[in-house]
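**Student:** Take 1 as the starting number for the sequence shown in the numbering used here and just add one per residue.
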Amino acid sequence: MDKEHADPLGCQLLGMLMKLVPPGTVRASISLGAAINHTQGTLYASAPLSGSDMLAFPIIQKLRETRPETEWHVVNDVTAALLAYQDSAPDASRDKVLVTTVSTGIASRLYLPDLGGVPLDAAGLQGEIGHLPAVSDSCLELMCDCGELNHVASYSSGPGIEQVARLLMQERPLESGHSMMSQWSDRSEFEEGFADALDGADPFALLILSMATQPLADVFSYALTIDPSIDRLVLVGGVIEAIGSHYRDALLTRMTAKGVYLTSVLSPDWVSSKITTSASDSSTNLVGAALSSENRR
Numbered sequence: 001m002d003k004e005h006a007d008p009l010g011c012q013l014l015g016m017l018m019k020l021v022p023p024g025t026v027r028a029s030i031s032l033g034a035a036i037n038h039t040q041g042t043l044y045a046s047a048p049l050s051g052s053d054m055l056a057f058p059i060i061q062k063l064r065e066t067r068p069e070t071e072w073h074v075v076n077d078v079t080a081a082l083l084a085y086q087d088s089a090p091d092a093s094r095d096k097v098l099v100t101t102v103s104t105g106i107a108s109r110l111y112l113p114d115l116g117g118v119p120l121d122a123a124g125l126q127g128e129i130g131h132l133p134a135v136s137d138s139c140l141e142l143m144c145d146c147g148e149l150n151h152v153a154s155y156s157s158g159p160g161i162e163q164v165a166r167l168l169m170q171e172r173p174l175e176s177g178h179s180m181m182s183q184w185s186d187r188s189e190f191e192e193g194f195a196d197a198l199d200g201a202d203p204f205a206l207l208i209l210s211m212a213t214q215p216l217a218d219v220f221s222y223a224l225t226i227d228p229s230i231d232r233l234v235l236v237g238g239v240i241e242a243i244g245s246h247y248r249d250a251l252l253t254r255m256t257a258k259g260v261y262l263t264s265v266l267s268p269d270w271v272s273s274k275i276t277t278s279a280s281d282s283s284t285n286l287v288g289a290a291l292s293s294e295n296r297r
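1) How many whole angstroms separate the CB atoms of residue 142 and residue 155, which I take to be in contact at a CB cut-off of 8 Å?
2) According to DSSP, is residue 276 part of a helix, a strand, or is it coil?
3) Distance, Cα to Cα, residue 261 vs residue 77?
4) Determine the closest residue to residue 232 out of 240, 150, 238, 223, with distance taken between C-alpha atoms.
5) What residue range is occupied by the uninterrupted beta strand (DSSP E) comprising residue 45?
6) What do you get for residue 163, buried or exposed, if any count of 16 or more other CB atoms within 10 angstroms of its CB means buried?
7) Determine the closest residue to residue 68 out of 21, 211, 285, 150, with distance taken between C-alpha atoms.
8) By the DSSP assignment, the alpha helix (DSSP H) with residue 59 in it spans what residues?
9) Considering only the beta carbon of each residue, do residue 161 and residue 212 sit closer than 8 Å?
10) Looking only at its own chain, which residues have a Cβ that is under 6 Å from the Cβ of residue 215, when we skip the five neighbours before and after it?
11) At which residues does the beta strand (DSSP E) containing residue 245 begin and terminate?
12) Applying the 10 Å Cβ sphere with the 16-neighbour rule, what's the burial state of residue 131?
13) For residue 103, tell me which candidate among 239, 263, 265, 272 has the shortest Cα-Cα distance.
14) Run through DSSP, which three-state label would residue 117 get?
15) Residues bridged to residue 300 by DSSP?
16) Considering residue 94, what are the terminal residues of the alpha helix (DSSP H) in which it resides?
17) What does a CB cutoff of less than 6 Å around residue 2 pick up in its chain, not counting 5 residues either side in sequence?
18) Taking DSSP as the reference, what is the three-state secondary structure of residue 290?
19) Would you give the residue range spanned by the alpha helix (DSSP H) that residue 166 belongs to?
20) Who are the near neighbours of residue 86 in its chain, counting only those whose CB is closer than 6 Å to its CB and skipping five residues on each side?
21) Helix, strand or coil: how does DSSP classify residue 261 here?
22) Kindly identify the DSSP beta-bridge partner or partners of residue 298.
23) So, residue 125 versus residue 118, is the Cβ gap smaller than 8 Å?
So, in structure tokens, the structure goes:
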């Protein structure tokens, strides 16, 4: 993204934050759904906002320059979700925990108890798994919000599941015509109808979810293959709130059939014991952001 385009987007976000945080505020803790350099405080990108381009907007620096009397803390929303989960499950601070949010996008954060935090790479990032190439048994071509084809989020996020559903309905009109899914038109109708269809064990809805979750299931299988010391993989986010048990079941079906080599067959209970869901709501990430600012004081 060129500087002329990037700066207005960053400045628009800055202006919104200034309106949300009243003058005279002593400390502000912010959770942002974007890739952030947690070492430098640079906002790199948010796929729905910037597509395939990179913003590279120094959000922390700009906040401090604009309102120097306020102590600013900005954290990625998945990092915030991890901190909120640990606060709700105190024993989690002793475990190696991988929290994954499944909502409009997908991302993970791995907490290392020996480090007492989240390890970061050279760009100050970790766990942007939603933009890894997707592996799927289907031949679907799905666009990611970042502008690229066939990422994990293209399939396994909320919008991804809807994309899978639309294409499968086009490819399999006879199956979809007999499904509870045949009557939906807009997104709100889809979300409610899909949850109802899964609750009713609708075969076509189950097929949609199976295909949609394959790429994320494989990411988890890779993670457990490389590092079996991960104690738990925790699913959070809007999709999990709506269809969490069904989503988990679909992941485990894939991971049992084509998952951790030999272990998925020899010790399937070991694999299933790793994956859990956690309740979250609109305040969860705000709690995590506040905890992050407390940890940095």
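Ideal Cβ placement from N, Cα and C applies to all residues, glycine included.
The structure presented is a predicted model; accordingly, all values stated were derived computationally and were not measured.
**Tutor:** Let's see:
1) Start at 1 with the first residue of the sequence shown, and residue 142 comes out as number 142. Start at 1 with the first residue of the sequence shown, and residue 155 comes out as number 155. About 6 Å separates the two Cβ atoms, so the contact holds.
2) Translated into positions along the sequence shown, residue 276 becomes position 276. Residue 276: strand per DSSP, three-state reduction.
3) The residue labelled residue 261 in the question sits at position 261 within the sequence shown. The residue labelled residue 77 in the question sits at position 77 within the sequence shown. Roughly 33 Å between the two C-alpha positions.
4) Here the question's residue 232 lines up with position 232 in the sequence shown. Selected option, being the one with the closest Cα: 223.
5) The residue given as residue 45 occupies position 45 in the sequence shown. Per DSSP, residue 45 belongs to the beta strand (DSSP E) from 42–45.
6) Taking the first residue of the sequence shown as position 1, residue 163 is located at position 163. Looking at its Cβ environment, which holds 16 or more other Cβ atoms inside 10 Å, residue 163 is buried.
7) Position 68 of the sequence shown, counted from the first residue, corresponds to residue 68. Measuring from the Cα of residue 68, the nearest candidate turns out to be 21.
8) On the sequence shown, position 59 is the one that residue 59 refers to. 59–66 is the span of the alpha helix (DSSP H), which, as asked, contains residue 59.
9) Position 161 of the sequence shown, counted from the start, is the residue given in the question as residue 161. Position 212 of the sequence shown, counted from the start, is the residue given in the question as residue 212. For residue 161 and residue 212, yes; Cβs fall inside 8 Å.
10) Position 215 of the sequence shown holds residue 215. Cβ within range, chain order: 134, 135, 136, 152, 155, 156.
11) Here residue 245 corresponds to residue number 245 of the sequence shown, with the count starting at 1. Segment 238–257 is the alpha helix (DSSP H) holding residue 245; no beta strand (DSSP E) there.
12) Along the sequence shown, read from residue 1 onward, the residue named residue 131 stands at position 131. When all chains shown are included, residue 131 counts as buried.
13) On the sequence shown, position 103 is the one that residue 103 refers to. Residue 239 is the option with its Cα nearest to residue 103.
14) Looking up residue 117 in the sequence shown gives position 117. Strand at residue 117.
15) A question about residue 300 goes unanswered here, because the residues of the chain that appear run from 1 up to 297.
16) Within the sequence shown, residue 94 is the residue found at index 94, counting from 1. Looking at the DSSP string, residue 94 is not in any alpha helix (DSSP H), and its letter there is neither H nor E.
17) In the sequence shown, counting from the first residue as 1, residue 2 sits at position 2. For residue 2, the predicted model reports a pLDDT of 44, less than 50, meaning its position is unreliable; a value from the coordinates is still stated below. Same-chain partners within the cutoff: there are none.
18) One-based indexing of the sequence shown puts residue 290 at position 290. Residue state, collapsed to three classes: helix.
19) Within the sequence shown, the letter at position 166 stands for residue 166. That run of the alpha helix (DSSP H) goes 158–171.
20) Within the sequence shown, residue 86 is the residue found at index 86, counting from 1. So the list reads 92, 93, once near-sequence residues are dropped.
21) In the sequence shown, the residue the question calls residue 261 occupies position 261. Residue 261 falls in the coil class under three-state DSSP.
22) Given that the chain is displayed from residue 1 to residue 297, the structure contains no residue 298 and the question cannot be resolved.
23) Position 125 of the sequence shown, counted from the first residue, corresponds to residue 125. Position 118 of the sequence shown, counted from the first residue, corresponds to residue 118. In this structure, residue 118 does not lie closer than 8 Å to residue 125 by Cβ.
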